[in-house]
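Asks: Line by line, the protein sequences are chains A and B. Residue numbering for the first sequence follows the working numbering, beginning at 1 and increasing consecutively. Residue numbering for the second sequence follows the working numbering, beginning at 1001 and increasing consecutively. Even for Gly, the Cβ is constructed at its ideal location relative to N, Cα and C. Quick one: the structure is below, questions incoming.
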Amino acid sequence: MRRFLLRRVAHAAFLLLGVSLLAFFFSALAPGNYLDDLRLNPQMSSERFSALRAQYRVDQPVALRYFSWANALLHGDLGFSFAYNAPVAPLLWPRARNTLLLTTTATLLVWAIALPLGAWSAQHLGKPTDVALTWATSAFLIVPDLALALGLLVLAVRSGWLPTGGMVSVAFDEFSFAHKIRDLASHMVLPVIVLVASALPVLLRHVRAAVAEALDAPFLRAAEGQGIPRRRLLYRYALPAAAHPLIALFGFSLGTLLSGSLLVEVVMSWPGLGPFLLEAILARDVYVVIGGVLFSTLFLVAGNLAADLLLYWADPRIRTEAEAR
Amino acid sequence: MIRSRLPLCIAFLGTLHAVVACAGFFAPYDPVAQDREHPYAPPMRPHFVDAQGAWHLRPFVYPQALRTASFDQYQLDTTTPIPIRFFVRGVPYRVLGLLSSRAHLFGAGGSPLYLLGTDAYGRDIFSRILFGGQVSLLAGLLGAALTLSLGLSIGALAGFTGGWKDEVLMRAAELYLALPWIYLLFAMRAFLPLSVPPLKAFLLVVLVIAAVGWARPARLVRGIVLSVKERDFVRAARGFGASGPYLLRRHILPETSGVVLTQAAILVPQFVLAEMTLSFLGLGVPEPLPSWGNMLSCLQHYNVLVSYWWMYLPAVAMIPFFLGYLTLANLLQRSTGTAKIEEACGGV
C-alpha cells in the first residue's frame, strides 16, 4: 500500500513541478510584460521604472526568477497581480472555489447519471431501447457546448424560468439560509446542464462498453447460472469488474469538465476562474494566468490521485500487482 | 455495412467542405460588405405564393425597410416582390484565393437579399457564415495537420529509438495531458502578442491549437511503433540490412495510418471548436475577418442575445460538420480496429 501510494504521489509531484516549469518559462518567452506599458507613460521617470523592475524582479535572469517564484509558491504565495495591484492567491481562491463548486457538482451528477444508465444500456445491448439511447446521446455529442450554452441562455432569457447569469441574486446577503441555497442552486442549473451534457455522451459510451464486456465474462455467466438476481448481478458483480477502465476515466472526465467550465463560466458570467483568467490574459497579468493554470493542474492531479486510490481499493488485481512489484 | 457507409460519410463531408471552399459562389455578398441602411435585418423568407394568393414558379422575397424612428424594427413591403435570380453576376471574388470570378448561385439584382438576416453593420449573415467557415475549418484542418505531423514524428522518434529520448518525450507528453486542454490553450495564447493583424492572428491561433494537441497522437503512435518494430517482417528487413529511416518510412509508419486517420477525424472538429472558443472570447481571429467564433461573440451582449435570434446561426452551421466528422471517426475506428489500441494507451 505504502509503495503504491508513494509512487503515485511522486508522479503527481513530478507533474506539478513540470507544469510549473512549463508555465513559467512560456511566460518568460512572452514578448513584453505589464511594466512595458508603463514605460510609455511620460510621467514615469526612468529611475522609478528601474525601481519597479527591480521590485518585480523583471531585471533578473529567468532561472533565478523561477527559483524565487517557486520558493514563494511553496509558501503559498502565487506571485503578484499587476492589474489588481494585489497578491494573486487571495484573488484566486474565491474564484477557484466557485469553479470547483460547478465542476464537482457536474462531475458527481454526470457519474450518477452515466453509471446506472450505462449499465442499463449494456444489459439491453443492441435492443431498440439501447439504440435509442445511443442516438440520443450522440445528439449531445454533435452539439458543441458553446452552442448549447448559448442556446440554453436564449431559452432562459425568453422563458424567464431561470436566472441567466451570475452566481447569486443581488439581494443574496439578506436571504435566509434555505433561501440562499435555493438561490444558488437555481443559478447553477444552466451551467451544470451544459457541463453534464458535454461530458455525458463519452462517459456513457465507455460505461456501456466496460459493463457489456464484464457481463460477457465467464464468471458472470456462472453467477447467472447460480440464479443470482439480475440487479445484484449487475451492481454487485459486473460494475466492480468494470471499474478499472472507468476509474481511469474519472480523471479524464474531471479534465473535460474543468475545461468546459472555463467557457461556460464566461458565457453565463459565473464568477469563477474563466472570466478571471480571460481578463488576466487581456491585461497581460502573467502571474494570474500561471496561478490559474497551476490551480487547474493541481485539481486534476488530485482527482487522478484520488482515482488511483479508489482503484486500489476497488480492484484486487491492482493490489496484488502493486505488492508483487 | 461499415464499408458501405464510409464512402457515404466522406462524400457528405466532401460536399460540405466544397460548399465552404467555394463560398464566393454560394454567397451573394462579400463577407465584409456593409449595408448601413439595414442593420439587424431579420432573415428574408423566400415565398412562392404572393399576397394575392397566386403561385409563382420563381421564388421571391419582399423588401424590408426600417420603420420610421426605429433602428432595428422592419416592415415588409408586400406590394413589390423581388424575384430571386439564379446564376447571376455579382461582386467579384476568388475561389480558394486563385480563380477570380463574378458568378453567383443566386442574387436579386441590385436589391438587398438577406436570407439569414444581417448583423449590426448590415453584413449578410449567410455570406459571413460561408466565408467564416473557411476561416474556422482551415484553422481546424491546418491545426490538425500540424499537430498530427508533430505527434507522428515525436511518437515515431520515441518509439523507435527508445532509451532516454523516449523517456523524456513521453514525460513531456504526460505533462501536456495532465493539463485541462482549454487552460493550456489559454496559457499558450496568453503569452503571445494580443493585438496583431488578422492574418497573423489566424496563424498564431493555428500554431497555438497545434501546440496543444500533440501529446495524445504521439502516445498512440509510439505504442504502435513499439509493437510493430518487434514484428517479424520488420526484423527480417533489418536483417537484410535496412537502415533506420528506411525501416520507419517503408515498414513502420504505414502501420500507424489507421490511428493517424482516426485521430485526424477526432482532432479537426475539436480544433474548429478551439478556434471558435478563442475567437468567441476575443483571443482569436479579429474582425472584420469572419469566423464562426467571432461572429458569435456579439451574443455576449444581452440585448443581441435576446432580440436577434439569427445571430445564433453560426453555432448551428457547424453541427453538420461535427456530425460528419464524428461519424467518420466512429467508422474509421471500427474499420481499422484502432479502438482497442487507443484504449490500451489510456486514451479516450
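So, is T320 of chain A buried or exposed, given that buried needs 16 or more other C-beta atoms within 10 angstroms?
Replies: Stepping through the first sequence from its first residue, residue 320 of chain A is reached at position 320. Result: exposed.
Asks: Measure from the alpha carbon of A1054 of chain B to the alpha carbon of each residue in B:I1224, B:A1158, B:P1081 and B:D1035, then state which is nearest.
Replies: Numbered from its first residue, the second sequence carries residue 1054 of chain B at position 54. Looking at the Cα atoms, B:P1081 is the closest of the given residues.
Asks: Expressed to the nearest angstrom, what Euclidean distance is found between the alpha-carbon atoms of Y1312 of chain B and G1163 of chain B?
Replies: Numbered from 1 along the second sequence, position 312 holds the residue referred to as residue 1312 of chain B. Numbered from 1 along the second sequence, position 163 holds the residue referred to as residue 1163 of chain B. Approximately 52 angstroms, taken between the alpha carbons.
Asks: For my contact list, A210 of chain A and A242 of chain A are in at a C-beta cut-off of 8 angstroms; report their separation, rounded to the angstrom.
Replies: Position 210 of the first sequence, counted from the first residue, corresponds to residue 210 of chain A. Position 242 of the first sequence, counted from the first residue, corresponds to residue 242 of chain A. That pair is a contact at about 4 angstroms.
Asks: Quick one: what's got a C-beta closer than 6 angstroms to R1058 of chain B's C-beta in the same chain, skipping five residues either side?
Replies: Your numbering for residue 1058 of chain B matches position 58 in the second sequence. The residues are P1083.
Asks: Measuring CB to CB, does L78 of chain A end up less than 7 angstroms from G291 of chain A?
Replies: Position 78 of the first sequence holds residue 78 of chain A. Position 291 of the first sequence holds residue 291 of chain A. Contact flag set, yes.
Asks: Could you spell out where the beta strand (DSSP E) holding H1104 of chain B opens and where it closes?
Replies: Start at 1 with the first residue of the second sequence, and residue 1104 of chain B comes out as number 104. Taken as a continuous stretch (DSSP letters only), the beta strand (DSSP E) holding H1104 of chain B covers L1099 to G1107.
Asks: Less than 7 angstroms between the beta carbons of A1215 of chain B and A1158 of chain B, yes or no?
Replies: The residue labelled residue 1215 of chain B in the question sits at position 215 within the second sequence. The residue labelled residue 1158 of chain B in the question sits at position 158 within the second sequence. Not closer than 7 angstroms, so no.
Asks: Quick check on the burial criterion: 16 or more other C-beta atoms within 10 angstroms. Buried or exposed for Y1325 of chain B?
Replies: Counting from 1 along the second sequence, the entry for residue 1325 of chain B is found at position 325. Answer is buried; the Cβ neighbour count reaches 16.
Asks: Assign P385 of chain A to buried or exposed, taking buried as 16 or more other Cβ atoms, counted over all protein chains shown, within 10 Å of its Cβ.
Replies: Only positions 1 to 325 of chain A appear in this structure, which leaves residue 385 of chain A out of reach.
Asks: Would you give the residue range spanned by the beta strand (DSSP E) that W1055 of chain B belongs to?
Replies: Reading the second sequence from its first residue, position 55 is the one you call residue 1055 of chain B. Taken as a continuous stretch (DSSP letters only), the beta strand (DSSP E) holding W1055 of chain B covers W1055 to V1061.
Asks: Quick one: what's got a C-beta closer than 7 angstroms to Y287 of chain A's C-beta in the same chain, skipping five residues either side?
Replies: Here the question's residue 287 of chain A lines up with position 287 in the first sequence. Closer than 7 angstroms at Cβ, skipping near neighbours: L78, G79, F80, S81 and V88.
Asks: Does A1218 of chain B come within less than 7 angstroms of chain A when only Cβ atoms are used?
Replies: Residue numbering aside, residue 1218 of chain B sits at position 218 when the second sequence is read from its first letter. No, because no Cβ of chain A sits closer than 7 angstroms to the Cβ of A1218 of chain B.
Asks: So H1038 of chain B and V1061 of chain B are in contact, right, with Cβ under 8 angstroms, and what is the actual spacing, rounded?
Replies: Within the second sequence, the letter at position 38 stands for residue 1038 of chain B. Within the second sequence, the letter at position 61 stands for residue 1061 of chain B. With 8 angstroms as the limit, H1038 of chain B and V1061 of chain B do not qualify as a contact, their Cβ atoms being about 13 angstroms apart.
Asks: Just reading off the beta strand (DSSP E) that A1065 of chain B is part of, what are its end residues?
Replies: Taking the first residue of the second sequence as 1, we reach residue 1065 of chain B at position 65. From DSSP, the beta strand (DSSP E) with A1065 of chain B extends over Q1064 to L1066.
Asks: Quick one: is the Cβ of M1170 of chain B within less than 6 angstroms of any heavy atom of the ligand GTP?
Replies: Inclusion of the ligand GTP in the displayed structure is not the case, the ligand content being empty and no account of it being possible.
Asks: What's the gap between the Cα of S1392 of chain B and the Cα of L146 of chain A?
Replies: Residue 1392 of chain B lies beyond the range of chain B shown here (1001 to 1348); nothing can be said about it.
Asks: Between W1214 of chain B and chain A, is the shortest Cβ-Cβ distance under 7 angstroms, so that the two count as touching?
Replies: Here residue 1214 of chain B is taken as the residue at index 214 of the second sequence, counted from 1. Chain A, which has no Cβ nearer than 7 angstroms to the Cβ of W1214 of chain B, makes this no.
Asks: Who pairs with D1035 of chain B in a beta bridge, going by DSSP?
Replies: Counting from 1 along the second sequence, the entry for residue 1035 of chain B is found at position 35. For D1035 of chain B, which the question treats as bridged, DSSP gives no partner whatsoever.
Asks: Determine the DSSP secondary structure at S20 of chain A, reduced to helix, strand or coil.
Replies: Within the first sequence, residue 20 of chain A is the residue found at index 20, counting from 1. Three-state DSSP puts S20 of chain A in a helix.
Asks: Since I1082 of chain B sits in a beta bridge, which residues does DSSP pair it with?
Replies: Translated into the one-based positions of the second sequence, residue 1082 of chain B becomes position 82. Partner(s): B:V1061.
Asks: So, is V192 of chain A buried or exposed, given that buried needs 16 or more other C-beta atoms within 10 angstroms?
Replies: By 1-based counting over the first sequence, the position of residue 192 of chain A is 192. It counts as buried.
Asks: Alpha helix (DSSP H) containing L1259 of chain B: first to last residue?
Replies: Translated into the one-based positions of the second sequence, residue 1259 of chain B becomes position 259. Note that residue 1259 of chain B is Val in the sequence shown, not Leu. Run containing V1259 of chain B: S1257 to F1280, per the alpha helix (DSSP H) assignment.
Asks: State the Cα-Cα distance for the pair L1199 of chain B and F1131 of chain B, rounded to the nearest angstrom.
Replies: The sequence position of residue 1199 of chain B within the second sequence is 199, counting from 1. The sequence position of residue 1131 of chain B within the second sequence is 131, counting from 1. Answer to the nearest angstrom: the Cα atoms are 14 angstroms apart.
Asks: Run through chain B and tell me which residues come within less than 8 angstroms of V154 of chain A, C-beta to C-beta.
Replies: Taking the first residue of the first sequence as position 1, residue 154 of chain A is located at position 154. Within chain B, the residues near V154 of chain A are L1305, V1306, W1309 and Y1312.
Asks: Could you please tell me which residues of the region 1268-1279 of chain B, in chain order, have their CB closer than 7 angstroms to any CB of chain A?
Replies: L1273, M1276 and T1277
Asks: Please list, in chain order, the residues of the region 1048-1070 of chain B that have any C-beta partner in chain A closer than 8 angstroms.
Replies: none
Asks: Mapping the DSSP letters down to three states, classify D1077 of chain B as helix, strand or coil.
Replies: Numbered from 1 along the second sequence, position 77 holds the residue referred to as residue 1077 of chain B. Assigned with DSSP and collapsed to three states, D1077 of chain B falls in coil, not helix or strand.
Asks: In chain B, which residues lie with their C-beta within 7 angstroms of the C-beta of T297 of chain A?
Replies: As a first step, residue 297 of chain A is located in the first sequence; it is residue number 297 there, counting from the start. Listed along the chain, the chain B residues whose CB falls inside 7 angstroms of the CB of T297 of chain A are A1178 and L1179.
Asks: Can you list, in chain order, the stretches of the alpha helix (DSSP H) that have 4 or more residues and sit fully within the region 228-295 of chain A?
Replies: 243-267 and 273-282
Asks: Helix, strand or coil, according to DSSP, for T105 of chain A in the structure here?
Replies: Mapped onto the first sequence, residue 105 of chain A falls at position 105. Three-state result, T105 of chain A: helix.
Asks: Please list, in chain order, the chain A residues whose beta carbon lies closer than 8 angstroms to that of A1315 of chain B.
Replies: Here residue 1315 of chain B is taken as the residue at index 315 of the second sequence, counted from 1. Correct list: P144, L146, A147, L150 and G151.
Asks: Does the Cβ of D1077 of chain B have 16 or more other Cβ atoms within 10 Å, making it buried, or fewer, making it exposed?
Replies: As a working note, residue 1077 of chain B is residue 77 in the second sequence. Answer is exposed; the Cβ neighbour count stays below 16.
Asks: When you compare the CB positions of A307 of chain A and G251 of chain A, do they come within less than 7 angstroms of one another, or not?
Replies: Here residue 307 of chain A is taken as the residue at index 307 of the first sequence, counted from 1. Here residue 251 of chain A is taken as the residue at index 251 of the first sequence, counted from 1. Cβ atoms of A307 of chain A and G251 of chain A: closer than 7 angstroms.
Asks: Closest to G18 of chain A by CA distance: which of A:H244, A:T297 and A:L305 is it?
Replies: Stepping through the first sequence from its first residue, residue 18 of chain A is reached at position 18. That would be A:T297, whose Cα lies nearest to the Cα of G18 of chain A.
Asks: Starting from V196 of chain A, follow the alpha helix (DSSP H) in both directions and report where the run begins and ends.
Replies: On the first sequence, position 196 is the one that residue 196 of chain A refers to. Where V196 of chain A is concerned, the enclosing alpha helix (DSSP H) stretches over F177 to L215.
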